[in-house]
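Those sequence lines, one after another, are chains A and B. If you're matching positions, the first sequence starts at 1 in this note's numbering and goes up one per residue. If you're matching positions, the second sequence starts at 382 in this note's numbering and goes up one per residue. For every residue, glycine included, the Cβ atom is placed at its ideal position computed from N, Cα and C. Worksheet: one structure, shown below.
Number of protein chains: 2
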Amino acid sequence: MPGFFMFVQPQYLQFDAPLALQSGASIRAYTLAYETYGQLNATKSNAVLICHALNASHHVAGVYAGQAKSEGWWHTMIGPGKPVDTDTYFVIGVNNLGSCFGSTGPMHQNPDTSEVYGASFPVVTVEDWVNAQARLMDALGIQTLAAVMGGSLGGMQALSWTLQYPSRVRHAVVVASAPNLTAENIAFNEVARRAIATDPDFHGGNFYQHGTVPKRGLRIARMVGHITYLSDDVMNEKFGRELREGVDLKYSTQEVEFQIESYLRHQGDKFAEYFDANTYLLITRALDYFDPARAFGGDLSKALARATAKFLLVSFSTDWRFAPARSHEIAKALLDNHRELSYAEINAPHGHDAFLLEDARYMGVVRSYFESKVSAEMATA
Amino acid sequence: MPGFFMFVQPQYLQFDAPLALQSGASIRAYTLAYETYGQLNATKSNAVLICHALNASHHVAGVYAGQAKSEGWWHTMIGPGKPVDTDTYFVIGVNNLGSCFGSTGPMHQNPDTSEVYGASFPVVTVEDWVNAQARLMDALGIQTLAAVMGGSLGGMQALSWTLQYPSRVRHAVVVASAPNLTAENIAFNEVARRAIATDPDFHGGNFYQHGTVPKRGLRIARMVGHITYLSDDVMNEKFGRELREGVDLKYSTQEVEFQIESYLRHQGDKFAEYFDANTYLLITRALDYFDPARAFGGDLSKALARATAKFLLVSFSTDWRFAPARSHEIAKALLDNHRELSYAEINAPHGHDAFLLEDARYMGVVRSYFESKVSAEMATA
Chain A
1 MPGFFMFVQP QYLQFDAPLA LQSGASIRAY TLAYETYGQL NATKSNAVLI
51 CHALNASHHV AGVYAGQAKS EGWWHTMIGP GKPVDTDTYF VIGVNNLGSC
101 FGSTGPMHQN PDTSEVYGAS FPVVTVEDWV NAQARLMDAL GIQTLAAVMG
151 GSLGGMQALS WTLQYPSRVR HAVVVASAPN LTAENIAFNE VARRAIATDP
201 DFHGGNFYQH GTVPKRGLRI ARMVGHITYL SDDVMNEKFG RELREGVDLK
251 YSTQEVEFQI ESYLRHQGDK FAEYFDANTY LLITRALDYF DPARAFGGDL
301 SKALARATAK FLLVSFSTDW RFAPARSHEI AKALLDNHRE LSYAEINAPH
351 GHDAFLLEDA RYMGVVRSYF ESKVSAEMAT A
Chain B
382 MPGFFMFVQP QYLQFDAPLA LQSGASIRAY TLAYETYGQL NATKSNAVLI
432 CHALNASHHV AGVYAGQAKS EGWWHTMIGP GKPVDTDTYF VIGVNNLGSC
482 FGSTGPMHQN PDTSEVYGAS FPVVTVEDWV NAQARLMDAL GIQTLAAVMG
532 GSLGGMQALS WTLQYPSRVR HAVVVASAPN LTAENIAFNE VARRAIATDP
582 DFHGGNFYQH GTVPKRGLRI ARMVGHITYL SDDVMNEKFG RELREGVDLK
632 YSTQEVEFQI ESYLRHQGDK FAEYFDANTY LLITRALDYF DPARAFGGDL
682 SKALARATAK FLLVSFSTDW RFAPARSHEI AKALLDNHRE LSYAEINAPH
732 GHDAFLLEDA RYMGVVRSYF ESKVSAEMAT A
């Protein structure tokens, strides 16, 4: 629908009761920022929860009135007439605990001490986020989700929903995700964390009180991350060995010489302006820790025996961060448990980032899954 | 020969005449550190030059008397009875200009100003290094090399020798190398450089005068580098998701939790103790700049038309830094010019690092190339 905009606004809900966390700590009097799109139907059977990845938020779809370029991060996927159609579904986006876009995070006050959390913000896991999201669903009066959906780290949350609340999820849509991180994935996260934590402006995580921001570390973290989000192919196609200016080399080690350097520096600079350093540590750690098979001696099939939801898994051919083989692991474990499963491997050049981009085949797969499978369950709910 | 050690010692040669550099600058009164192994024969036809990669040196083979663990970086490949047999060949290792192991570099005094070079050390390229190496060969009385050999960035120097001094090289052994860097390769270099250059202890490259060392940046640079040297497979096999201590998670964002984190931090710490930050910038830039096809509109076949040497190319199946496909590009360009070429693709799990490791098939390929091809040319020289 060209010219049509869905105007949305964030909502905030405070939860006073303590939430027990996986670490043994707990958090109380916390706020979750969320948005909803579409209408909850009378039987409350059309709710779809969207879980976000590292640097995204509750602002999944639509636009903010009066704000240019304020499209939600998955607006190509979700909205009126989109693959996840908000004319049919009541879609909820929620900002995770510890993030920096409105939900309670390290930059907020600890109600027990009246001091800013900073480094003392409790370590949160995928399982903790899912528990917090379940409480939000309770508050919204939603017992059962038609679907829970996410890409990358968001896909891990969708998967974890099917294990923590099997009876509350009919469908899980897990895109460009993995059942845990590899050593290489952890290694890249650790480089990013060390860049932040060793920035003198980080002050052990209590930089708010010092009036500083560890921008150097955040820039490096984002640059490293960006490399892993793109495929080698798409980087060569977009940037190759093109020089930033003209055709003559400058012969400089510190100035920008190649286009790819300029692009990465720009991404790093932008990110350092808006993203919280403690949040970066927390979210990459949640990625590291996620490993549902761990409690089952590494046996993912045993771990997924609890899941009763039906699954759509999507992977992308050039994603080397969470390669198709990682989705195959989830698929195999589900099949070992005789679960119903659809799987699409999209031939796309964009690497891990493909899950955020508008690819006709990818959009088509999700659209047809919601039209045929998710809506069918909804009708019988 | 178990129990046999080849004792060696570094030598130093000063070059007073200015060396014109690709950037337009020049450098004078510089020193090259080098080592030699074996004996130059009467016809001076048995010289093999070894070119080093990013963090290696002239100390290629043998050990230093009285120093434990002082084996040269390619001692598995080079020495008496080794694949490059110093009972037959006169092997030369040379530390490149701008490095930090004895040749003139940014930590030394500029004879024109009597000040430490620091950030003002001229940018050096692969081509400049080859010119400096050629002068060293002149000084050693060696007109023609039986072979020039290197891995990774060292392989680029070997390739460049065949283009800059075609008549002075009979064989080029180019291992785990590439005809230029991809955008992704440059991107990883740029992350490392930014980590160093934005470390407050770097002082724009003039940290020597400030009595500081940008160790934070060097650590990050090394951690990033290390990830790209290893394959995903070997990281999973060596470290996987193993915890550093015990079986219980600590739930900490700054402490070490996984073995892979501990390994990377250790590598970073070690490196920051001995490697020069300006050298890191210079050498990664030399990698970025290397691109013999550039002057030929990107046509590598045209660029390699000058080469008359015979080639051995070796690549490793799991090397994702300089993948086998990059060696295929060199092979194709040589074949387009009807050059004599041997190529081995070694099925090894270790990623880029494989070129430094002792793999029986790899060692066998190099040994047989030297025994059959290199020695045959030598006999007729």
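| query | result |
| --- | --- |
| In this structure, how does DSSP classify residue 623 (chain B) when only helix, strand and coil are distinguished? | coil |
| List the residues of chain B whose Cβ lies closer than 7 Å to the Cβ of residue 252 (chain A), in chain order. | 504 |
| List in chain order: all unbroken alpha helix (DSSP H) runs of 4+ residues lying wholly within the segment 386-467 of chain B. | none |
| Could you please give the first and the last residue of the uninterrupted beta strand (DSSP E) stretch that includes residue 693 (chain B)? | 691-697 |
| Are at least three pairs of beta-carbons, each pair with one atom in the segment 309-317 of chain A and one in the segment 269-277 of chain A, less than 8 Å apart? | no |
| For residue 20 (chain A), tell me which candidate among A:285, A:135, A:350 has the shortest Cα-Cα distance. | A:135 |
| For residue 836 (chain B), count the other beta carbons within 10 Å of its own beta carbon; 16 or more makes it buried, fewer makes it exposed. Which is it? | In the structure displayed, chain B extends from 382 to 762; residue 836 (chain B) sits before or after that span and is not available. |
| With distances taken Cα to Cα, identify the nearest neighbour of residue 519 (chain B) among B:720, B:484, B:557, B:395. | B:395 |
| Using a beta-carbon distance cut-off of less than 7 Å, what residues from the segment 559-575 of chain B approach chain A? | 561, 563, 564, 565, 567, 568, 569, 571, 572, 574, 575 |
| Ends of the beta strand (DSSP E) at residue 553 (chain B)? | 552-556 |
| Report the residue from B:741, B:542, B:566 whose alpha carbon sits nearest the alpha carbon of residue 513 (chain B). | B:542 |
| Counting contacts by CB-CB distance shorter than 8 Å, is residue 98 (chain A) in contact with chain B? | no |
| Against chain A, which members of the segment 601-614 of chain B pass a CB distance test of less than 7 Å? | 601, 604, 605, 608, 613 |
| Buried or exposed, going by whether 16 or more other CB atoms sit within 10 Å of the CB of residue 190 (chain A)? | buried |
| Evaluate residue 382 (chain B) with the Cβ neighbour count: other Cβ atoms within 10 Å of its Cβ, from every protein chain shown; 16 or more gives buried, anything less gives exposed. | Note on residue 382 (chain B): pLDDT 44, under 50, position unreliable in the model; no value is reported. |
| Can you give the Cα-Cα distance for residue 389 (chain B) and residue 427 (chain B), rounded to whole angstroms? | 19 Å |
| Does the beta-carbon distance from residue 257 (chain A) to residue 243 (chain A) come in below 8 Å? | yes |
| Is the separation between the beta-carbon of residue 309 (chain A) and that of residue 166 (chain A) shorter than 8 Å? | yes |
| Classify residue 148 (chain A): buried if its beta carbon has 16 or more other beta carbons within 10 angstroms, exposed otherwise. | buried |
| Is DSSP giving residue 183 (chain A) helix, strand or coil here? | helix |
| Pair every Cβ in the segment 744-755 of chain B with every Cβ in the segment 720-732 of chain B, then say whether three or more of these pairs are closer than 8 Å. | yes |
| Taking 8 Å as the cut-off, decide whether the C-beta atoms of residue 414 (chain B) and residue 433 (chain B) are in contact. | no |
| So, do the segment 20-29 of chain A and the segment 75-93 of chain A have three or more beta carbon pairs nearer to each other than 8 Å? | no |
| Between which two residues does the beta strand (DSSP E) holding residue 724 (chain B) run? | 722-727 |
| Tell me, to the nearest whole angstrom, how far the beta carbon of residue 6 (chain A) is from that of residue 66 (chain A); I am working on the premise that it is less than 8 Å. | Contact flag wrong, Cβ pair sits at about 14 Å. |
| Could you tell me which residues DSSP puts in a beta bridge with residue 475 (chain B)? | B:415 |
| With 16 as the cutoff for other CB atoms within 10 Å, does residue 43 (chain A) come out buried or exposed? | exposed |
| Starting from residue 414 (chain A), follow the beta strand (DSSP E) in both directions and report where the run begins and ends. | Residue 414 (chain A) cannot be examined here, being either before or after the span of chain A that is shown, 1 to 381. |
| According to the neighbour-count rule (16 or more other Cβ atoms, all chains shown, within 10 Å of its Cβ), is residue 613 (chain B) buried or exposed? | buried |
| Going along the chain, which residues of the segment 578-593 of chain B sit with their C-beta nearer than 7 Å to a C-beta in chain A? | 578, 579, 581 |
| Chain B partners of residue 240 (chain A), CB-CB under 7 Å? | 564 |
| Consider the Cβ of residue 27 (chain A): report whether some Cβ of chain B lies at a distance smaller than 8 Å. | no |
| Would you check if the distance between the CB atom of residue 336 (chain A) and the CB atom of residue 301 (chain A) is smaller than 8 Å? | yes |
| Rounding to the nearest angstrom, what Cα-Cα distance links residue 593 (chain B) and residue 583 (chain B) in this structure? | 7 Å |
| In whole angstroms, what separates the C-alpha of residue 617 (chain B) from that of residue 122 (chain A)? | 29 Å |
| Buried or exposed: where does residue 112 (chain A) fall if 16 or more other Cβ atoms within 10 Å of its Cβ makes it buried? | exposed |
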